[in-house]
Every structure is written in C-alpha cells, then in structure tokens.
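Chemist: In my numbering, the protein residues as written are 0 to 375.
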Amino acid sequence: MSTDEVLHVGRPNIGDRDALLARINDMLDRRWLSNNGPLVQEFEAKIAAILDVKYAIAMCNATVALEIASRAIELQGEVILPSYTFVATAHALQWQGITPVFCDVDPQTHNIDPACIERLITPKTTGIVGVHVWGRPCDTAAIEQIARQRGLKVMYDSSHAFGCSSGGKMIGGFGECEVFSFHATKFVNCFEGGVVTTNDSQLAEKMRLMRNFGFEAFDRVVYLGVNGKMSEISAAMGLTNLESMQQFVDINRRNYLQYRKGLTGLRGISLIHYDDAERNNFQYVVIEVDPSLCGRTRDQIVAHLHSRNIIARKYFWPGCHKMEPYRSLQPNADLLLPETIRVAERVIVLPTGQAVDLVTVSRVCSEIRDSLESPL
Ligand code: T4K
Numbered sequence: 000m001s002t003d004e005v006l007h008v009g010r011p012n013i014g015d016r017d018a019l020l021a022r023i024n025d026m027l028d029r030r031w032l033s034n035n036g037p038l039v040q041e042f043e044a045k046i047a048a049i050l051d052v053k054y055a056i057a058m059c060n061a062t063v064a065l066e067i068a069s070r071a072i073e074l075q076g077e078v079i080l081p082s083y084t085f086v087a088t089a090h091a092l093q094w095q096g097i098t099p100v101f102c103d104v105d106p107q108t109h110n111i112d113p114a115c116i117e118r119l120i121t122p123k124t125t126g127i128v129g130v131h132v133w134g135r136p137c138d139t140a141a142i143e144q145i146a147r148q149r150g151l152k153v154m155y156d157s158s159h160a161f162g163c164s165s166g167g168k169m170i171g172g173f174g175e176c177e178v179f180s181f182h183a184t185k186f187v188n189c190f191e192g193g194v195v196t197t198n199d200s201q202l203a204e205k206m207r208l209m210r211n212f213g214f215e216a217f218d219r220v221v222y223l224g225v226n227g228k229m230s231e232i233s234a235a236m237g238l239t240n241l242e243s244m245q246q247f248v249d250i251n252r253r254n255y256l257q258y259r260k261g262l263t264g265l266r267g268i269s270l271i272h273y274d275d276a277e278r279n280n281f282q283y284v285v286i287e288v289d290p291s292l293c294g295r296t297r298d299q300i301v302a303h304l305h306s307r308n309i310i311a312r313k314y315f316w317p318g319c320h321k322m323e324p325y326r327s328l329q330p331n332a333d334l335l336l337p338e339t340i341r342v343a344e345r346v347i348v349l350p351t352g353q354a355v356d357l358v359t360v361s362r363v364c365s366e367i368r369d370s371l372e373s374p375l
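1. On a CA-only basis, which of I72, N12, H7, V5 is nearest M240? Give me that one, please.
2. Following a CB-centred definition, is R135 positioned closer than 7 Å to any heavy atom of the ligand T4K?
3. Could you tell me whether any non-hydrogen atom of the ligand T4K is closer than 7 Å to the CB of D156?
4. Quick check: what's the CA-CA separation for E4 versus N308?
5. I'd like to confirm something about I310: is its beta-carbon nearer than 7 Å to some heavy atom of the ligand T4K, or not?
6. From D103, F212, V346, pick the residue whose C-alpha is nearest to that of L335; which is it?
7. With a threshold of 7 Å (Cβ to nearest heavy atom), would F186 be considered close to the ligand T4K?
8. Are there three or more Cβ pairs, one per stretch, closer than 8 Å when the stretch 274 to 293 is compared with the stretch 57 to 69?
9. Where DSSP assigns a beta bridge to S164, which residues make up the other side?
10. Tell me whether the beta-carbon of M236 lies closer than 8 Å to the beta-carbon of N279.
11. How is L80 classed by DSSP in three states: helix, strand or coil?
12. What residue range is occupied by the uninterrupted beta strand (DSSP E) comprising K123?
13. Among G167, Q107, A203, E77, whose alpha-carbon lies nearest the alpha-carbon of T125?
14. Leaving out five residues on either side along the sequence, give the residues of the same chain with a beta carbon under 7 Å from the beta carbon of K321.
15. To the nearest angstrom, how far is the alpha carbon of V39 from that of L27?
16. Using only the heavy atoms of the ligand SAM, determine whether one of them is closer than 7 Å to the beta carbon of L65.
17. Specify whether the stretch 144 to 156 and the stretch 171 to 188 touch according to this definition: at least 3 beta carbon pairs, one from each stretch, less than 8 Å apart.
18. Helix, strand or coil for P99? Go by DSSP, reduced to three states.
19. Three-state secondary structure (DSSP) at Y325?
20. Does the Cβ of D369 have 16 or more other Cβ atoms within 10 Å, making it buried, or fewer, making it exposed?
21. Between L375, I347, G224, which lies nearest to V363 when the distance is taken from Cα to Cα?
22. Is the number of C-beta pairs between the stretch 111 to 122 and the stretch 138 to 145 that are closer than 8 Å three or more?
23. Quickly, what does DSSP pair Y54 with across the bridge? List them, please.
24. Does the Cβ-Cβ distance between L65 and A47 come in under 8 Å?
25. Answer yes or no: the CB of S373 versus the heavy atoms of the ligand T4K, is any distance below 7 Å?
26. Please state whether the Cβ-Cβ distance between F315 and F85 is less than 8 Å.
27. Considering only heavy atoms of the ligand T4K, does any lie closer than 7 Å to the CB of P11?
28. Rounded to whole angstroms, what's the CA-CA distance from T197 to L371? Just pull it up for me.
29. Where do the ends of the alpha helix (DSSP H) carrying F214 lie?
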C-alpha cells in the first residue's frame, strides 16, 4: 500500500465475489427480497450452528436488535451497562425510555466490572447489559450470579464477539439473549445486519414477531413491533462472508502477531492480550498508551498517525456518559467511572483485516515508533 493511500480502521472484509453475485442473481430470479426470505433463514441456521445456540433471529442492524431484545426481555426503569462501549448500547435503551446507569470497567479486560455493579442497583433496576468489548468475554459467571441474587435480567451486547468463546463455550448462549453486529466494519459483515441469539423458544418467537411489526399472521398483530427485518441481500453477503470466516480470523491473527512483533520494546505501548485458551476473532488491534512511560499522550500519537494517513481510532473515547444526552442528564456520572476515563484516554485502535497486509502493519508500527522518537 502506498503512503498516500488513506488507511482506515474498519475496512470491510469481502468474501468470494462470484459466490455473492450468484446468490444475488438467484435472489433476483426468486423475486423474494426481504421478509424472512430463504437466505435470511439459511443465515440464521448457520449462525445458530456456529454459536451452538437454539435460535438466531436476524435483524437489520445490531442497534435495532438491541432495542428489540431489551423490549422483549422487558427491561425498563434503570439498566446497568458499561460506559466504555459504542454509544449504540446506551442509545438502544434510552431510545425506549430506559435509563442507562453507567458502570465502571475492569482496567485489565476493558469489560464491565462486576464488583461495581452491585452498588448501582436500586429498586428501579431491572437488568444488566454486559458488552464483550473487543470480543473478550465479560465475567459472565459473576454478572449472572449478581442477577440471580437480585432478580435482574441479563443480556449481552456481543457486537464484537462473533466467533469468540468464554470458558470454552461460544459467546451467544449467555444471559437471556445476546446481540451480534454484522455491520460493514465487523470481520463478518452483512453490509448492515444484526442477530439476536437465545436458547429460549418463547423469547425467540416474541422477537421474531417484534421485528416484523408484531404480525403473527396476515392481518393479525399481537405485539407492538417495528421493522427490524434483515433483507435478503444482507443475508447473501453474510452467508458469503461466513464461508471465508476462518480465513478472516487467520488474517486478523497474522496481523495481530505482526503488530506484537513490531511494537515489542516500545516503552509505554502495550498491545491488549487475547487468551490463547479461548476462540478469538482478533478483529480489533488495540494498544494502550502510558504517557508516563513513553513521554507522549495517546492524542499526540493519534495526531502523528493521522498526519501520515493512518486513521487510527480512539474507540470508545470519551465514554457514553460524556456523550449526549447522557452528559446533560447525568452530569456527575464521572465520579463513579475512574477506570473508564483512564482506559478511554489511553486506547488506540489500529487498522487490520483483509485490506491490511504485513508490510502495512510494519509501516504502522514504525510510524508509532517515530511518533515516540520525533521531537515534540
Ligand atoms: N454495540 C457495539 C459494542 C458496537 O461496537 C456497535 C457498532 C453496535 C453496538 C451497533 O452495531 P450496528 O447497529 O452498527 O450493527 C463504527 C461502526 O459504524 C459501528 O458499527 C461499530 N460498532 C463501531 C465500533 O465502529 P464509527 O462511528 O467509527 O463508523 P465510521 O463511519 O467512522 O466507520 C469506521 C471506519 O470504517 C471508517 O473510517 C471507514 C471504514 N469503512 C466503513 C464503512 C461503513 C469502510 O472502509 N467502508 C465502509 O463501508 O462506528
């Protein structure tokens, strides 16, 4: 890749084009473009098999899937979630009148800290939404134990965690349900798409109805519903990408290992670790900057990279609690989120995926080294 070309985080992986185009041709011949078509059903069956869950319900994106899932499990009042997540996790709750209550994270894992959950529980709390940030699993055992003791519902935003495991079990079967994103930037994508997984047949049926306006049959509506359906062309892309899923993981892992080599020895720069005992998708290459050790702030390094056309990202700075409407509604949330603030000020997400080769990874690493060595 030339240094003039802009290098983004989140360039989509593209599977076998001929297979995709063949599926699209068949779809056009069938004249069945949406509304639970055969490609969506095939995609759902494949996701359920990969994740070893009974039910997978495909939706138009993960944000709408989170909204439908949280309504289906009857979350209301206050719900505890991390502030250190993409803002969609909080918006999905707030959008339907639920108050997101922001919980601090464990600085080692970047995931919601179960030790901080209990002190946020009030009589209005109805549930907990864990987020498997970067695909690294939440402490599901601790979260679900708190939930059981306090009579709360649990669901997971597993947008980052497709193909990842927790304690050897695929993420997808924890809590009441889990929500995956298949957005263009995810390592398996449907252009836009989301899937909710669950082992609860009644919940699955309820969500199927809710994603289709609540229609149970022609002219018969049994729930308040919305249009959350996945289109056939999205499922065509998803099915095609699933066929290359292992190849995408291998590329991500190869890039991750090359980053590890290239960043070794850089004081104050640490690459987050993925547990070799688990299945990982390696779709996020995440470094943490310790300014006291490397003499540069995270923002100085990001500015250097951007000046070199490497559009590294500061996910999930500044934390949901600092974004509207939460910033105005909960101006003192900061006080309970010291680790969130620290992590959000240190993280840089680097480019990876099929569009990034080893030479490019080495270039990004040497630009990071230059940013530490160049005069301020
Ligand atoms: N929960 C969590 C924990 C999530 O991370 C997300 C999404 C959701 C929920 C919601 O899932 P969805 O409703 O989207 O299914 C991006 C993605 O848009 C977002 O899906 C993702 N998380 C988040 C982590 O990253 P932004 O605001 O950074 O998007 P944007 O437009 O800056 O795109 C990122 C980069 O990707 C661009 O710099 C260029 C590149 N790109 C993007 C697209 C769409 C391409 O090269 N080609 C493309 O087609 O949020």
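Note that CB positions come from ideal geometry on N, CA and C, so glycine has one too.
Modeler: According to the structure data:
1. Numbered from 1 along the sequence shown, position 241 holds the residue referred to as residue 240. What sits at residue 240 in the sequence shown is Asn, not Met. Residue N12 is the option with its Cα nearest to N240.
2. The residue given as residue 135 occupies position 136 in the sequence shown. No - the ligand T4K has no heavy atom lying nearer than 7 Å to the Cβ of R135.
3. By 1-based counting over the sequence shown, the position of residue 156 is 157. At least one heavy atom of the ligand T4K is nearer than 7 Å to the Cβ of D156, so yes.
4. Stepping through the sequence shown from its first residue, residue 4 is reached at position 5. Stepping through the sequence shown from its first residue, residue 308 is reached at position 309. Between E4 and N308, the C-alpha separation is close to 7 Å.
5. On the sequence shown, residue 310 is found 311 positions in, with the first residue counted as 1. Taken from the Cβ of I310, at least one heavy atom of the ligand T4K lies inside 7 Å.
6. Counting from 1 along the sequence shown, the entry for residue 335 is found at position 336. Put simply, of D103, F212, V346 the residue whose alpha carbon is nearest the alpha carbon of L335 is D103.
7. Within the sequence shown, numbered from 1, the residue matching residue 186 stands at position 187. Checking every heavy atom of the ligand T4K against the Cβ of F186, none is found closer than 7 Å.
8. Segments in contact, no.
9. What you label residue 164 is simply residue 165 of the sequence shown in a count that begins at 1. Partner(s): M169.
10. Sequence index remark: in the sequence shown, residue 236 carries index 237 (1-based). Sequence index remark: in the sequence shown, residue 279 carries index 280 (1-based). Going by C-beta atoms, M236 is not nearer than 8 Å to N279.
11. By one-based count along the sequence shown, residue 80 stands at place 81. DSSP places L80 in strand when its eight states are reduced to three.
12. For the purposes of this step, residue 123 is taken as residue 124 along the sequence shown, with counting starting at 1. If you look at K123, you'll find it isn't in any beta strand (DSSP E); DSSP assigns it neither H nor E.
13. Position 126 of the sequence shown, counted from the first residue, corresponds to residue 125. Distance check between T125 and each of G167, Q107, A203, E77 places E77 closest, using alpha-carbon atoms only.
14. For the purposes of this step, residue 321 is taken as residue 322 along the sequence shown, with counting starting at 1. Cβ-Cβ distances below 7 Å link K321 to nothing in the same chain once the five nearest sequence neighbours on each side are left out.
15. Stepping through the sequence shown from its first residue, residue 39 is reached at position 40. Stepping through the sequence shown from its first residue, residue 27 is reached at position 28. Rounded to whole angstroms, V39 to L27 spans 15 Å at the Cα level.
16. By its list of ligands, the structure shown excludes the ligand SAM, since it contains just the ligand T4K.
17. Judged by Cβ distances under 8 Å, the stretch 144 to 156 makes contact with the stretch 171 to 188, as three or more pairs qualify.
18. Position 100 of the sequence shown, counted from the first residue, corresponds to residue 99. Of the three classes helix, strand and coil, the one that applies to P99 here is strand, per DSSP.
19. On the sequence shown, residue 325 is found 326 positions in, with the first residue counted as 1. Per DSSP, reduced to three states, the secondary structure at Y325 is helical.
20. Residue mapping note: residue 369 aligns to position 370 of the sequence shown, counting from 1. Exposed, because fewer than 16 other Cβ atoms sit within 10 Å of the Cβ of D369.
21. Stepping through the sequence shown from its first residue, residue 363 is reached at position 364. Checked all of L375, I347, G224; the closest Cα to V363 is I347.
22. The stretch 111 to 122 makes contact with the stretch 138 to 145: 3 or more CB pairs, one atom from each, lie closer than 8 Å.
23. Start at 1 with the first residue of the sequence shown, and residue 54 comes out as number 55. When DSSP reads this structure, Y54 sits in a beta bridge with T197.
24. Walking along the sequence shown from the start, residue 65 turns up at place 66. Walking along the sequence shown from the start, residue 47 turns up at place 48. For L65 and A47, no; Cβs fall outside 8 Å.
25. Translated into positions along the sequence shown, residue 373 becomes position 374. Proximity of the beta carbon of S373 to the ligand T4K is not indicated: no heavy atom of the ligand is located closer than 7 Å.
26. Indexing the sequence shown from 1 puts residue 315 at position 316. Indexing the sequence shown from 1 puts residue 85 at position 86. The answer is yes: Cβ separation under 8 Å.
27. As a working mapping, residue 11 is identified with position 12 in the sequence shown. Yes, the beta carbon of P11 sits closer than 7 Å to at least one heavy atom of the ligand T4K.
28. For the purposes of this step, residue 197 is taken as the residue at position 198 of the sequence shown. For the purposes of this step, residue 371 is taken as the residue at position 372 of the sequence shown. Straight across, the Cα-Cα distance linking T197 with L371 is about 47 Å.
29. Within the sequence shown, numbered from 1, the residue matching residue 214 stands at position 215. No alpha helix (DSSP H) contains F214, which is instead part of the beta strand (DSSP E) from 214 to 216.
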